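Following: one structure in structure tokens, then a few remarks.
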Amino acid sequence: MLQAFLPRSTPRITIDIGPFLSLLKHRHHTRCRGKGAGHPIKTGHAIEQDRADVLSQREAWFDGQLDLDPARLVFIDETWTATNMTRSHGRCQRGERLRMGYPHGHRKTTTLVAGLRMTGMVAPMVLDGPINGDWFEAYVDQVLVPDLRRGDVVIMDNLSSHKRASVRDLIEAAGARLIFLPPYSPDFNPIEKAFARLKAMLRKAGERTVAGLWSLIGKLVDLFQPQECANYFSSCGYDPD
Numbered sequence: 077m078l079q080a081f082l083p084r085s086t087p088r089i090t091i092d093i094g095p096f097l098s099l100l101k102h103r104h105h106t107r108c109r110g111k112g113a114g115h116p117i118k119t120g121h122a123i124e125q126d127r128a129d130v131l132s133q134r135e136a137w138f139d140g141q142l143d144l145d146p147a148r149l150v151f152i153d154e155t156w157t158a159t160n161m162t163r164s165h166g167r168c169q170r171g172e173r174l175r176m177g178y179p180h181g182h183r184k185t186t187t188l189v190a191g192l193r194m195t196g197m198v199a200p201m202v203l204d205g206p207i208n209g210d211w212f213e214a215y216v217d218q219v220l221v222p223d224l225r226r227g228d229v230v231i232m233d234n235l236s237s238h239k240r241a242s243v244r245d246l247i248e249a250a251g252a253r254l255i256f257l258p259p260y261s262p263d264f265n266p267i268e269k270a271f272a273r274l275k276a277m278l279r280k281a282g283e284r285t286v287a288g289l290w291s292l293i294g295k296l297v298d299l300f301q302p303q304e305c306a307n308y309f310s311s312c313g314y315d316p317d
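In structure tokens:
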């Protein structure tokens, strides 16, 4: 291809890319030829992670993990679900376009708030619509605190509703401690991986009513077994060993 753009007087050069590909393989790299079956897709991260101030906070968090007992950690986060969730991939005959119907327009969005321990998903609550500071404080008081044990460490991201003084007071009154993740660091939060699997199951089920969606979520949160949750913790750097 390149030869067509070179002057006629330019001698032809034959390049063997075999050694180059071998070097890539030796260094655990591979070619990325775009999105498609069998081809790797690049993984992105928040560009803010590269800022000096954020990087220093992330490094300090990583160093401080030695003082955290994974068995006492409770990660809290929210995620959205909706009555129009559907699979993003499927199967069809080669050369044919995969077509399927899904709700377009009207939908009801539900917020799921939950915690993740190494032993499973805990303290789940569903909410009709988005969450705010009042709702989150009520969640901590009525759902999370009864599940806490003295000596637990509750970990959250930096959402403003998480940083109410009353939220900290409720958690500390239960004998637990509250700490916050570094900014722009979802990769340090194992519940993100659990939520990703939960959403995949919801897309597969394709529940179209709010009542059915809430009931399904209640069943799915019980499917997370200790070994799976421990793997999520380990992949984020919280290894009990």
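Sequential numbering from 77 applies to the sequence shown in my numbering. Positions of the beta carbon are idealized from the N, C-alpha and C atoms, including for glycine. Here the structure is a predicted model, which is why all the values come from computation and not from measurement.
Residue i in three-state terms, based on DSSP
{"i": "Met201", "result": "strand"}
{"i": "Ala158", "result": "strand"}
{"i": "Leu250", "result": "The question names Leu, yet the displayed sequence has Ala at residue 250. In the structure shown, Ala250 sits in coil (DSSP, three-state: anything other than H, G, I, E or B)."}
{"i": "Gly171", "result": "coil"}
{"i": "Leu144", "result": "coil"}
{"i": "Phe151", "result": "strand"}
{"i": "Cys305", "result": "helix"}
{"i": "Arg316", "result": "The sequence shown places Pro at residue 316, not Arg. Pro316 falls in the coil class under three-state DSSP."}
Euclidean distance between Cα positions of residue i and residue j
{"i": "Asp217", "j": "Leu246", "result": "6 Å"}
{"i": "Met161", "j": "Thr185", "result": "10 Å"}
{"i": "Val238", "j": "Met194", "result": "In the sequence on display, residue 238 carries His and not Val. Rounded to the nearest angstrom, the two C-alpha atoms are 22 Å apart."}
{"i": "Gly288", "j": "Gly294", "result": "10 Å"}
{"i": "Ile139", "j": "Asp263", "result": "The question names Ile, but residue 139 in the sequence shown is Asp. Looking at the two C-alpha atoms, the distance is approximately 15 Å."}
{"i": "Phe271", "j": "Gln301", "result": "14 Å"}
{"i": "Gly191", "j": "Lys269", "result": "12 Å"}
{"i": "Ala249", "j": "Gly209", "result": "19 Å"}
{"i": "Ala147", "j": "Arg279", "result": "31 Å"}
{"i": "Phe173", "j": "Val189", "result": "Checking the sequence, you will find Arg at residue 173 rather than Phe. Answer to the nearest angstrom: the Cα atoms are 37 Å apart."}
{"i": "Phe309", "j": "Leu149", "result": "10 Å"}
{"i": "Thr187", "j": "Glu213", "result": "15 Å"}
{"i": "Arg183", "j": "Ala136", "result": "42 Å"}
{"i": "Cys312", "j": "Ser261", "result": "10 Å"}
{"i": "Asn234", "j": "Ala158", "result": "24 Å"}
{"i": "Val286", "j": "Leu274", "result": "16 Å"}
Distance between beta carbons of residue j and residue i, contact taken as under 8 Å
{"i": "Leu292", "j": "Glu283", "result": "5 Å"}
{"i": "Ala252", "j": "Asp223", "result": "Actually they do not touch by this definition, with Cβ atoms about 10 Å apart."}
{"i": "Ala199", "j": "Val219", "result": "5 Å"}
{"i": "Gln133", "j": "Pro259", "result": "7 Å"}
{"i": "Val297", "j": "Met197", "result": "5 Å"}
{"i": "Tyr314", "j": "Leu144", "result": "7 Å"}
For residue i, the residue or residues it bridges with in DSSP
{"i": "Thr195", "result": "None, per the DSSP bridge assignment."}
{"i": "Ile255", "result": "Ile231"}
{"i": "Ala190", "result": "Asp153"}
{"i": "Thr185", "result": "Ala158"}
Residue i CB to nearest heavy atom of the ligand GDP below 6 Å
{"i": "Thr157", "result": "The ligand GDP is not part of this structure, which contains no ligands at all."}
Could I get the ranges of all uninterrupted beta strand (DSSP E) runs contained in the stretch 207-243, with 3 residues as the minimum, in chain order? 229-232
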